[in-house]
Amino acid sequence: MAYRTITDILGETSLERKCRFLFGLCLFLLIAGSFWWYGSRTEQLVYATTRSTGRHLVDAIMLQYHWKTLEKEQQYTSLIETLGRTLQNQPYSWRLLDPDATPEERAGYKRLDAAVLDYFRDRPAPEPAIGPNGAPVTEYRECRTEDASEYHYYQPVRAKKSCLVCHQVRGLIGDQPAGPDETLHPLQAENDLMAVVKVVMPDAATRKAINRNRAILLTTAFMTVFLAMLVAYAIVRYVIVKPLDHLRNVSEEIRRGNLDARANIHTADEFEDLGLAFNRMLRGLIDSQEELRKTNGALDGKVDELAQANLNLYEMNRLKGDFLATMSHELRTPLNSIIGFSEVLSSIESLDPKQKRYVENIRTSGRMLLEMINDILDLAKIEAGKMEVRPTVFAVESVVSAQCDMARPLAERKRIDLLHDVGPGLEAVEQDQAKVQQILANLLSNAVKFTPEGGRVDVIGRLDESEEGPAKAFLIEVVDTGVGIAEEERQTIFEKFRQGHVFQGDDAMTREFSGTGLGLSIVRELCRLLGGDVSVESQLGRGSQFTIRLPLRLSAGDNGIAPLEVGGVREVV
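In my numbering, each number is its position in the sequence shown, counted from 1, plus 2.
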């Protein structure tokens, strides 16, 4: 039986009760089986003894009957009967059943007697055999009455060679010659049935003795099991359960915080080893706890230092943002003046070519510096969480066309084909138009900048149909035939102040174009701000493809701004 089955039968009870129950059950089954076998064997011996007594009585009866029959003098016949009754040491009765009895005689037989007589008469004599105990096997039948008061033993008397001397042509019963009116029973051969001896013995005393023996056996069995259970209880209680209770009490003391408690078991067996192992484990836990306490103390100090460092970093980051915002704002004012005066100077016709070139350089450098400052200011706003989102309803076609028109002069100077194609379904998207324009302007600027002369730049707008059901987002792809981006730099190009620097055929390509390295970083941050993302696919020497994915409808709740309908156009105020 599996352990799980045992626990299902016993339930989740204590070890002591389980041991007592299992030991008592096994002991009871063992003793009950042993005593049952012993009682059965005893009863078989009693029945065998009774059967042997019947067989011996048959011999005595036949001897007495022949003695009485063969005695010539009448005075000794009565003496033989008296002597037989005097020597009889137990009450029994007997009768000879004649197989050749007349119907009138058979009418005086009991039904069982007649059935047994017919059985032996119709059954041929068995071959002589020797039993397991060395005695010859005797032919017999036996039965007990329904009220178990009598035992009937039947044994056939078959003719032997010595019997034929007297019983050749004599009557079956008696020693006198047959009279004129009597029927002679000649014997044909050996083993012919001469008679059946029936012995009746009282069986009440035997049954009483057997029942008494059973009662004694049952009482002895129960007493043995009871005493064994007491011994098992003492063994389990003091040898097994007591050390376990001690370990449990020590564990409870430790759980309550008493770390000085120790297991004290002196049994010179496995329980003592278990107690020693428990104490070693407890010492190890205390040492580990002490080391952990020291480590936690040191860690608390490190956490305090880290918190202080984070506060300092936060403060420095805030100062940096304030500085960038302030400096960007302060720098844009003189830069606008410089750009304005350079445009005024360029309109003077009296300037010679050299002076005009100087003025153009001033204006170009000023515009580039202003663009860098604007990028820094935008990034500072995004990091500070001050960049506002203003969703409006617009057509993607108009935004893409306008940005392509702004980038076309630079593309034409490099003889780059700039094409755009916007698919259906993008006539009215709800997004921040200014942010989308800024994203597209940065991507177009990079595409034209890093595409060699004679190249091509395509801008494609379409619905995102990668998911089942109605489209919930749209894609804008900027594809160029530029120098491409190395695989190991496809993620770093989105970091701040980073530009790709490995290009096929000319490592100095990046030095040909100036820039802060903030354009793609701003693109990614703006895409995330609008609920989308940007990805890139590129191959060195064959070009790049930047894909921005934005939702068709910007969730106003995500930015805390509720769109309102103003003059037929949804705007945010």
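Built from N, CA and C at the ideal position, the CB exists for glycine as well.
For residue i and residue j, I'd like the C-alpha separation in whole angstroms.
{"i": "S42", "j": "V198", "result": "31 Å"}
{"i": "K304", "j": "N260", "result": "31 Å"}
{"i": "K474", "j": "F343", "result": "49 Å"}
{"i": "D482", "j": "I550", "result": "15 Å"}
{"i": "Q357", "j": "I340", "result": "16 Å"}
{"i": "L446", "j": "R320", "result": "32 Å"}
{"i": "R214", "j": "G35", "result": "19 Å"}
{"i": "P245", "j": "T269", "result": "9 Å"}
{"i": "K388", "j": "I288", "result": "53 Å"}
{"i": "T55", "j": "D61", "result": "10 Å"}
{"i": "L166", "j": "A217", "result": "52 Å"}
{"i": "L520", "j": "R295", "result": "47 Å"}
{"i": "S546", "j": "S349", "result": "40 Å"}
{"i": "L333", "j": "E469", "result": "47 Å"}
{"i": "L17", "j": "I242", "result": "9 Å"}
{"i": "N281", "j": "D271", "result": "16 Å"}
{"i": "R113", "j": "V159", "result": "20 Å"}
{"i": "F30", "j": "T52", "result": "32 Å"}
{"i": "A443", "j": "Y360", "result": "28 Å"}
{"i": "L47", "j": "C145", "result": "16 Å"}
{"i": "S537", "j": "F548", "result": "6 Å"}
{"i": "P1", "j": "P204", "result": "The requested residue 1 does not occur in the structure, where the chain is confined to residues 3 to 575."}
{"i": "D419", "j": "V450", "result": "10 Å"}
{"i": "L232", "j": "D275", "result": "28 Å"}
{"i": "T147", "j": "A206", "result": "10 Å"}
Apply the 10 Å Cβ neighbour rule to residue i and answer buried if 16 or more other Cβ atoms are within range, or exposed otherwise.
{"i": "V252", "result": "buried"}
{"i": "P101", "result": "buried"}
{"i": "V139", "result": "exposed"}
{"i": "R125", "result": "exposed"}
{"i": "Y155", "result": "buried"}
{"i": "D354", "result": "exposed"}
{"i": "H331", "result": "exposed"}
{"i": "Y316", "result": "exposed"}
{"i": "G486", "result": "buried"}
{"i": "L552", "result": "buried"}
{"i": "I132", "result": "exposed"}
{"i": "K163", "result": "exposed"}
{"i": "D377", "result": "buried"}
{"i": "Q541", "result": "exposed"}
{"i": "R19", "result": "exposed"}
{"i": "A309", "result": "exposed"}
Assuming the contact rule is C-beta atoms closer than 8 Å, residue i and residue j should be a hit. Round their C-beta distance to whole Å, please.
{"i": "D460", "j": "L477", "result": "That pair is no contact at about 13 Å."}
{"i": "R223", "j": "F23", "result": "Per the sequence presented here, residue 223 reads as Ala, with Arg not at that position. That belief does not hold up - the Cβ atoms of A223 and F23 are roughly 18 Å apart, past 8 Å."}
{"i": "A116", "j": "R108", "result": "6 Å"}
{"i": "Y94", "j": "L65", "result": "Not really, about 15 Å apart at Cβ, beyond 8 Å."}
{"i": "R2", "j": "Y111", "result": "The requested residue 2 is not part of the displayed model; the chain covers only 3 to 575."}
{"i": "T453", "j": "G427", "result": "That pair is no contact at about 29 Å."}
{"i": "A436", "j": "V395", "result": "Their Cβ separation, rounded to whole angstroms, is 14 Å, which puts A436 and V395 out of contact at 8 Å."}
{"i": "L372", "j": "L337", "result": "5 Å"}
{"i": "Y49", "j": "L219", "result": "No, Y49 and L219 are not in contact; Cβ-Cβ is about 17 Å, not under 8 Å."}
Among residues of its own chain, excluding the 5 on either side of residue i, which ones have a beta-carbon nearer than 6 Å to its beta-carbon?
{"i": "K416", "result": "E455"}
{"i": "R464", "result": "G425, L477"}
{"i": "G277", "result": "A265, I267"}
Skipping 5 residues on each side, what residues in its chain have a beta carbon closer than 8 Å to that of residue i?
{"i": "I384", "result": "I524, E527, L528, L531"}
{"i": "L556", "result": "V391, P393, E432, Q433, D434, L532, G533"}
{"i": "I63", "result": "W96, V199, V201"}
For residue i, which residues from the same chain have a beta carbon less than 7 Å from its beta carbon, with the 5 sequence-adjacent residues on both sides left out?
{"i": "D247", "result": "none"}
Below 7 Å, is the gap between the Cβ of residue i and the nearest heavy atom of the ligand ATP?
{"i": "V450", "result": "Although the ligand ATP was asked about, the structure shown includes no ligands whatsoever."}
Legend entry - Touch test, the stretch 360-370 against the stretch 404-423, Cβ-Cβ under 8 Å, three pairs minimum: no
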